[in-house]
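Each remark here refers to the structure printed beneath this line.
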Amino acid sequence: MYAAFAARRLRGALGALLFVMVSMPATAIDFWDGKLEVHGFYEQQIRSIWDDFSGADDWDLTQWYHVLNLEIEADIAPDGFGPFDAVSAFARVEARFDCVWRRGCWMFDNVDVYGDRSGRLPARIQSGHESGFSGTQFTGNTRREFDHSIQGLAFRNKDANLPGSRRAVSSQGSITYNGFWGASAGLDGILDDMVTPDSDDPAQLLFSDISECRFASRRTRGPVNGHGNQQLVHNIKCDIDPLHDTKSTPNPFRAHDFNDRVLAGAGGGLALPLRPAPEARFDSGAPDYVPSGIWYPNERLQQALKDGDFDSFDQNFTINELQWNRGASQQDEKELKEAYVDLEMFDSRLWIRAGKQTIVWGKTELFSTTDQLNPRDLALATLPTLEESRIAQWAIRAVW
4 MYAAFAARRL
14 RGALGALLFV
24 MVSMPATAID
34 FWDGKLEVHG
44 FYEQQIRSIW
54 DDFSGADDWD
64 LTQWYHVLNL
74 EIEADIAPDG
84 FGPFDAVSAF
94 ARVEARFDCV
104 WRRGCWMFDN
114 VDVYGDRSGR
124 LPARIQSGHE
134 SGFSGTQFTG
144 NTRREFDHSI
154 QGLAFRNKDA
164 NLPGSRRAVS
174 SQGSITYNGF
184 WGASAGLDGI
194 LDDMVTPDSD
204 DPAQLLFSDI
214 SECRFASRRT
224 RGPVNGHGNQ
234 QLVHNIKCDI
244 DPLHDTKSTP
254 NPFRAHDFND
264 RVLAGAGGGL
274 ALPLRPAPEA
284 RFDSGAPDYV
294 PSGIWYPNER
304 LQQALKDGDF
314 DSFDQNFTIN
324 ELQWNRGASQ
334 QDEKELKEAY
344 VDLEMFDSRL
354 WIRAGKQTIV
364 WGKTELFSTT
374 DQLNPRDLAL
384 ATLPTLEESR
394 IAQWAIRAVW
């Protein structure tokens, strides 16, 4: 067992990274006179961070990996076969499970920062203060409180918490959106809460797609009493679409866009030169580059959408994918990390490796300089080893 300590800057605050790895001795099993060998090991990786080297309140268990690594080596034709002087194969399977997504693998209830039911959040992501204003909109609460709640607002909120609770709140309770909720009663003039099924408040229509979202708020420097707030999405049930989330929201400025939140039983028609109506109805299914609903892409964005300049946005993952480390680069092969065949030809003067592999160029420590053929899995840790973080690519490599 060994421990390594490294200090780093954590978004403006001095933090510390504790890394503990517990490993067992590597073992090997061979078959068919050593032509097939299976190597493997199991290890645990535990990481925790805290601000200012103080674990009194902000100690946050950020990783508890269980790692099982198996490597299979096969000498398929050590004496040659046909035109090949030698044929061998290699495969590596690595399964990772992170217990922080499941309350310390169901052993510790206080390991509850991540996952479906996050509890008390650490101060590094939940230290927001209410100023009583959202931009220039007065929200009715001028108290400065550690953590944020909307108890001063004039409507019900099932997520309202006492100051200091640090629990993630819904869109109604978030600092970014409380100005919308607190000043946008519908036609009946009654500001309803989010659970009322027949509410006519525009905010409920606008934020219906993020009803499952929970938010944290981090304190930053700002213009209101010297501080501001940075909003953070903090749960995985919230699907994030960086573009056109509002395409399907009725627009009161467009005729025939039925909108019972703003105009009772009627369409819009209030467009002006500097307040234009969108080109298409909110339910028309128009392409992304066409303004529809309350989605108004500017000319440059419209052209970029037409040209297909945007890649897919790898943001939304299930808790099962996160706890098994199945991010964007692991979607296709899952736990299969490497799999390739080695071929030798022409009296072993030609060597070919074909398959899913890592290609290492140059020698370096900690950061890659010339070694840039394989991308890195930055989700593993703050400073993972290069061997651990490389993502193998399908490739053919030959040496004469």
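For the sequence shown, the positions run 4 to 403 when the numbering used here is used. Every residue gets a Cβ at the ideal spot worked out from N, C-alpha and C, and that includes glycine. Predicted model, so just to flag it, every value in this text is computed and none were measured.
Q: Report the rounded CA-to-CA distance for A398 versus R356, giving the unit in angstroms.
A: 8 Å
Q. Among D244, F87, E338, E40, which one has its Cα closest to the Cα of F316?
A. D244
Q) Hey, quick one: how far does the beta strand (DSSP E) through Q233 stretch, first residue to last? A) 230-236
Q: Could you tell me whether the Cβ atoms of A94 and E341 are closer together than 8 Å?
A: yes
Q) Excluding the five sequence neighbours on either side, which residues of its own chain have a C-beta within less than 7 Å of the C-beta of P276, listed in chain order? A) none
Q) Does the Cβ of V103 have 16 or more other Cβ atoms within 10 Å, making it buried, or fewer, making it exposed? A) buried
(Q) Any contact between the segment 280-298 and the segment 245-258? By contact I mean 3 or more CB pairs, one from each, below 8 Å. (A) Put simply, the segment 280-298 touches the segment 245-258. At least three CB pairs are less than 8 Å apart.
Q.
Could you tell me the alpha carbon to alpha carbon distance between D380 and S392, rounded to whole angstroms?
A. 5 Å
Q: Please name the residue, chosen from R352, T361, I362, G365, that lies closest to D88 on a Cα-to-Cα basis.
A: The shortest Cα separation from D88 among R352, T361, I362, G365 belongs to R352.
Q: Within 10 angstroms of the Cβ of D119, are there 16 or more other Cβ atoms? Answer buried if so, exposed if not.
A: Counting of Cβ neighbours within 10 angstroms places D119 among the exposed residues, the total staying below 16.
(Q) Let me check understanding here. Comparing Cα to Cα, which of Q318, I322, P294 lies closest to K309? (A) P294
Q) Can you find at least 3 beta carbon pairs, one from the segment 212-219 and one from the segment 231-245, that sit closer than 8 Å? A) yes
Q) Looking only at DSSP bridge pairs, what is K359 linked to? A) K359 pairs with A342, W397.
Q: Output the distance between the C-alpha atoms of D242 and N319, rounded to the nearest integer angstrom.
A: 6 Å
Q. Going by DSSP, which residues form a beta bridge with F34?
A. L39
Q. R352 bridges to which residues according to DSSP?
A. According to DSSP, R352 bridges with nothing at all.
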